[in-house]
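*Asks:* Take a look at the following structure, please.
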Amino acid sequence: MKKLKMIRNTTNISKLQIKRWKFSPTLPNVFMNGIIFTKIVKGKSTKSKSHQSKLKKIFENTYGLPEVTFKKKANATIAKKAIKVAVVFSGGQAPGGHNVIAGIFDGLKKVNKKNILIGYLGGPTGILENKFKIISKNVLKKYRNTGGFDLIQSGRAKIETYEQFGLIKKNFLKNKIDALVIVGGDDSNTNAAMIAEYVIKEKLNKCIVGIPKTIDGDLKNKYIETSFGFDTATKIYSELVGNICKDVNSSQKHWHFIRLMGRSASHVALEVGFKTQPNIVLIGEEVLAKNMTLFKIIENITDIIVKRSEAGKDFGVVLVPEGLIEFIPEIKKLTSALNDVLHKNSNIISKFYSLEEKKNFIYNKIPNKLSDLMISLPLNIASQLISDRDPHGNINVSQIETEKLLIEMVYRKLFYLKKKNKYKGKFSPISHFFGYEGRCGAPSNFDANYTYALGYSATTLVLNKLTGYLSYVKNLTRPPKQWKCGGIPLTAMMSMEKRNNKNKPVIQKTLVNLNGNVFKKFIKNRNKWAIGENYISPGPIQYFGPSDITDITTKTLQYECFENNY
Ligand code: FBP
18 MKKLKMIRNT TNISKLQIKR WKFSPTLPNV FMNGIIFTKI VKGKSTKSKS
68 HQSKLKKIFE NTYGLPEVTF KKKANATIAK KAIKVAVVFS GGQAPGGHNV
118 IAGIFDGLKK VNKKNILIGY LGGPTGILEN KFKIISKNVL KKYRNTGGFD
168 LIQSGRAKIE TYEQFGLIKK NFLKNKIDAL VIVGGDDSNT NAAMIAEYVI
218 KEKLNKCIVG IPKTIDGDLK NKYIETSFGF DTATKIYSEL VGNICKDVNS
268 SQKHWHFIRL MGRSASHVAL EVGFKTQPNI VLIGEEVLAK NMTLFKIIEN
318 ITDIIVKRSE AGKDFGVVLV PEGLIEFIPE IKKLTSALND VLHKNSNIIS
368 KFYSLEEKKN FIYNKIPNKL SDLMISLPLN IASQLISDRD PHGNINVSQI
418 ETEKLLIEMV YRKLFYLKKK NKYKGKFSPI SHFFGYEGRC GAPSNFDANY
468 TYALGYSATT LVLNKLTGYL SYVKNLTRPP KQWKCGGIPL TAMMSMEKRN
518 NKNKPVIQKT LVNLNGNVFK KFIKNRNKWA IGENYISPGP IQYFGPSDIT
568 DITTKTLQYE CFENNY
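According to this note's numbering, the residues represented by the sequence shown are 18 to 583, in order.
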């Protein structure tokens, strides 16, 4: 009877999920047995890479704090007074989020059973609207090691107005919150830095810490080796791309143009490129550095298509990073002009009923050269470029079908070459976009362990009242027990950027380093990949089995670790 009830309760749950609930993440030695035996070692004071004096003025209380590392000590940290901690997800989903919560929860409970964890619902809006859920052992049970952010959801609200800070203060006091952990990418951790500065200024005695999340892999620097979610998401995309490579090599009749998520940096495309070895991998950062026009990109792609066709191969696979569009010099100028017009005229534009009205208004407000470019673009792309920006002022690149733009332009170019008798092949393109498919996947062993450790590390920062820090876990290419944990001041990673037409402090994204190991390795291989069929099909993520297939992390991290001597 008991068994029957259990089966009934789990009819919408896969067997894999049930097995994964039982996976017990391995903690770094500093948190052995789940107990926080840590001593805080403070390093030298930090400074931002750029805009030091401006940032110092904005972050009077949190600028220049020292890096902190955790060392093991003989006695466990014991907190006599119970505390109440809140956690919030902010921005796009990334595999492993639930384990961050599990790490914070378990860390808190080990220190004092009476500690409470609540989760704000729907992202930062939940803090403003005071919508939350109490995280209990029972609630959490079914979310351990699972993908998604569905336990408390997420959102992209930007925290910047006086009224918003007032609401945060009110709700913190009302709920007697001692600390807030913000799990997010560059924009969300910028929110964390602003709130941290505010709570100190207001003498609220609250602790604010951040956790580095984003599948894009661009929240990394000398302190943060990778953001969580990148490992799992790129493994999922690699499986899909690898399958397409197999398919294309079997039917030998299509060109697949596959756009991969990553709103700015091309880390995802590069990683998937290494794992699957397709014929072409476009890298946005290279396009920018070489000032490559759209025309030039199309020429490069068609050169390869023609060469392969001459060898009797009218098929291939092209990877397109979604952020590419904003790296193309003329489109970069165009989007920047559009951002200004959209921001300055948001009230008027919101009243337009039709897309045509919106377009006419906008085209008249940008320089002639740019409106000519806009008119030359395929209609769907032009409309996507003028769609609403996110609350942080970013263009929603996930909605721009760059792969279709490339297909159309390549098609035009091949048509022209055919007329000139320079191309005799058959171009049969198929477009794909892999983005949302990877963001909520069940976390790989790496991400499950990493996020759990990040949660523990955040709890340690909270217990030590280290406000304005980002939790970190390093040494990630070694086994989890050897990982090192600590915190880095959020302000050390900031710079000033133009957003919504104003200069604002933001956490700096790290783009693909064209002088780094990862890109150099790619350059060495890409000509071979272009002409041959060196395709790899890595298959699905493995959760059980030998450690060399279940626990290996990304090529990016392995190459970077070699380069930086981690
Ligand atoms: P974060 O930077 O918030 O982690 O989000 C990354 C991302 O997955 C991008 O790759 C993508 O462009 C964007 O989110 C899509 O966002 P949305 O979920 O709002 O469509």
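Note that the Cβ used here is the ideal one computed from N, Cα and C, for glycine as well.
Quantities reported herein were computed from a predicted structural model and do not represent experimental measurements.
Measuring from the CB of D248, is there a heavy atom of ligand 1 at a distance below 8 Å?
*Replies:* Reading the sequence shown from its first residue, position 231 is the one you call residue 248. No, Cβ of D248 sits at least 8 Å from all heavy atoms of ligand 1.
*Asks:* Select from I253, L480, F312 and K218 the residue whose C-alpha is nearest the C-alpha of V427.
*Replies:* Position 410 of the sequence shown, counted from the start, is the residue given in the question as residue 427. With distances taken between Cα atoms, V427 lies closest to F312.
*Asks:* Excluding five sequence neighbours on each side, which residues of the same chain lie with their C-beta closer than 6 Å to the C-beta of L257?
*Replies:* What you label residue 257 is simply residue 240 of the sequence shown in a count that begins at 1. Hits under 6 Å: F451.
*Asks:* With DSSP run on the structure shown, which of helix, strand or coil describes N206?
*Replies:* Numbered from 1 along the sequence shown, position 189 holds the residue referred to as residue 206. Helix at N206.
*Asks:* Could you give the DSSP three-state label for L277: helix, strand or coil?
*Replies:* Here the question's residue 277 lines up with position 260 in the sequence shown. Of the three classes helix, strand and coil, the one that applies to L277 here is strand, per DSSP.
*Asks:* Taking contact to mean at least 3 C-beta pairs separated by less than 8 Å, is the region 217-224 in contact with the region 258-273?
*Replies:* no
*Asks:* For K441, report the span of its beta strand (DSSP E) as first-last.
*Replies:* Translated into positions along the sequence shown, residue 441 becomes position 424. Run containing K441: none; DSSP gives neither H nor E here.
*Asks:* How would you call A509, buried or exposed, if buried means at least 16 neighbouring beta carbons within 10 angstroms?
*Replies:* Within the sequence shown, the letter at position 492 stands for residue 509. Looking at its Cβ environment, which holds 16 or more other Cβ atoms inside 10 Å, A509 is buried.
*Asks:* DSSP beta-bridge partners for K12?
*Replies:* With the chain covering 18 to 583 only, the question about residue 12 has no answer from this structure.
*Asks:* In the DSSP assignment, what are the bridge partners of A103?
*Replies:* Translated into the one-based positions of the sequence shown, residue 103 becomes position 86. Paired residues: I135 and L197.
*Asks:* For G164 versus Q110, is the C-beta distance shorter than 9 Å?
*Replies:* Working through the sequence shown from its first residue, we reach residue 164 at position 147. Working through the sequence shown from its first residue, we reach residue 110 at position 93. Cβ atoms of G164 and Q110: closer than 9 Å.
*Asks:* On the DSSP bridge assignment, give the partners of M511 in chain order.
*Replies:* By one-based count along the sequence shown, residue 511 stands at place 494. Paired residues: I524.
*Asks:* Select from G202, K252, A250 and V265 the residue whose C-alpha is nearest the C-alpha of K237.
*Replies:* In the sequence shown, counting from the first residue as 1, residue 237 sits at position 220. Among G202, K252, A250 and V265, the Cα nearest to that of K237 is on G202.
*Asks:* Buried or exposed for T178, please, with buried defined as at least 16 other CB atoms from any protein chain shown within 10 angstroms of its CB.
*Replies:* To locate residue 178, count along the sequence shown from 1; it is residue 161. Counting Cβ neighbours within 10 Å, T178 comes out exposed, since fewer than 16 surround it.
*Asks:* Would you list the residues whose beta-carbon is nearer than 7 Å to any heavy atom of ligand 1, in the order they occur in the chain?
*Replies:* G108, G109, A111, R173, G201, G202, D203, D204, S205, K230, T231, I232, D233, M278, G279, R280, E339, D407, N413, V414, S415, G452 and R456
*Asks:* Straight-line CA distance for Y576 to E288?
*Replies:* The residue labelled residue 576 in the question sits at position 559 within the sequence shown. The residue labelled residue 288 in the question sits at position 271 within the sequence shown. Between Y576 and E288, the C-alpha separation is close to 11 Å.
*Asks:* Decide yes or no for the touch test of the region 486-494 against the region 137-144: beta carbon pairs closer than 8 Å, at least 3 of them.
*Replies:* No, because fewer than three Cβ pairs between the region 486-494 and the region 137-144 fall closer than 8 Å, the two stretches do not touch.
*Asks:* Excluding five sequence neighbours on each side, which residues of the same chain lie with their C-beta closer than 8 Å to the C-beta of I135?
*Replies:* Residue numbering aside, residue 135 sits at position 118 when the sequence shown is read from its first letter. Hits under 8 Å: K101, V102, A103, V104, F149, K150, I151, I152, N192 and I194.
*Asks:* Taking its Cβ as the centre, do 16 or more other Cβ atoms sit within 10 Å of V335, making it buried, or is it exposed?
*Replies:* For the purposes of this step, residue 335 is identified with residue 318 of the sequence shown, where counting begins at 1. Here V335 is buried: its Cβ has 16 or more other Cβ atoms, across all protein chains shown, within 10 Å.
*Asks:* Select from Q294, E339 and G333 the residue whose C-alpha is nearest the C-alpha of P555.
*Replies:* Locating residue 555 in the sequence shown gives position 538, where the first residue counts as 1. Per the Cα distances, Q294.
*Asks:* Return helix, strand or coil for C457, following the three-state DSSP convention.
*Replies:* By one-based count along the sequence shown, residue 457 stands at place 440. Coil.
*Asks:* Assess contact between the region 345-357 and the region 455-471, defined as three or more Cβ pairs (one per stretch) separated by less than 8 Å. Is contact present?
*Replies:* no
*Asks:* Find the nearest neighbour of A213 within the set I225, S205 and L221, judged by alpha-carbon distance.
*Replies:* Your numbering for residue 213 matches position 196 in the sequence shown. Closest by alpha carbon: I225.
*Asks:* In three-state terms, what does DSSP make of W500?
*Replies:* As a working mapping, residue 500 is identified with position 483 in the sequence shown. In the structure shown, W500 sits in coil (DSSP, three-state: anything other than H, G, I, E or B).
*Asks:* Suppose only complete runs of 4+ residues qualify. What are the alpha helix (DSSP H) ranges in the region 56-94, listed by chain order?
*Replies:* 69-75
*Asks:* Given 8 Å as the limit, is there contact between the region 318-338 and the region 563-575, that is, 3 or more CB pairs closer than that?
*Replies:* Between the region 318-338 and the region 563-575, the count of Cβ pairs shorter than 8 Å is below three; the stretches do not touch.
*Asks:* Using 8 Å for Cβ pairs, my map puts A282 next to L528. What's the rounded Cβ distance?
*Replies:* Translated into positions along the sequence shown, residue 282 becomes position 265. Translated into positions along the sequence shown, residue 528 becomes position 511. Indeed, because the Cβ distance is near 5 Å, the residues count as touching under 8 Å.
*Asks:* Quick one: measure Cβ to Cβ for T231 and G114, integer angstroms, because I've assumed they're closer than 8 Å.
*Replies:* Looking up residue 231 in the sequence shown gives position 214. Looking up residue 114 in the sequence shown gives position 97. Incorrect: roughly 11 Å between the Cβ atoms, too far for contact.
*Asks:* In this structure, does DSSP put F166 in helix, strand or coil?
*Replies:* Residue mapping note: residue 166 aligns to position 149 of the sequence shown, counting from 1. In the structure shown, F166 sits in coil (DSSP, three-state: anything other than H, G, I, E or B).
*Asks:* Touch check for the region 68-83 and the region 473-486: three-plus C-beta pairs under 8 Å?
*Replies:* yes
*Asks:* Can you say whether M18 is buried or exposed, counting buried as having 16 or more other CB atoms within 10 angstroms of its CB?
*Replies:* Stepping through the sequence shown from its first residue, residue 18 is reached at position 1. Residue placement at M18 is flagged as unreliable, the pLDDT there being 47, under the threshold of 50; a coordinate-derived value is accordingly withheld.
*Asks:* Using the three-state DSSP reduction, which class does S326 fall into: helix, strand or coil?
*Replies:* Taking the first residue of the sequence shown as 1, we reach residue 326 at position 309. Reduced to three states, the DSSP call for S326 is helix.
*Asks:* Note down the Cα distance separating I366 from S67, rounded to an integer number of angstroms.
*Replies:* Here the question's residue 366 lines up with position 349 in the sequence shown. Here the question's residue 67 lines up with position 50 in the sequence shown. Cα to Cα, I366 sits roughly 35 Å from S67.
*Asks:* Consult DSSP for S267 and reduce its assignment to one of helix, strand or coil.
*Replies:* Taking the first residue of the sequence shown as position 1, residue 267 is located at position 250. In the structure shown, S267 sits in a helix (DSSP, three-state: H, G or I).
*Asks:* T43: which of K437, G120, M278 and A174 sits nearest, CA to CA?
*Replies:* Numbered from its first residue, the sequence shown carries residue 43 at position 26. If we check each option's Cα against that of T43, G120 comes out closest.
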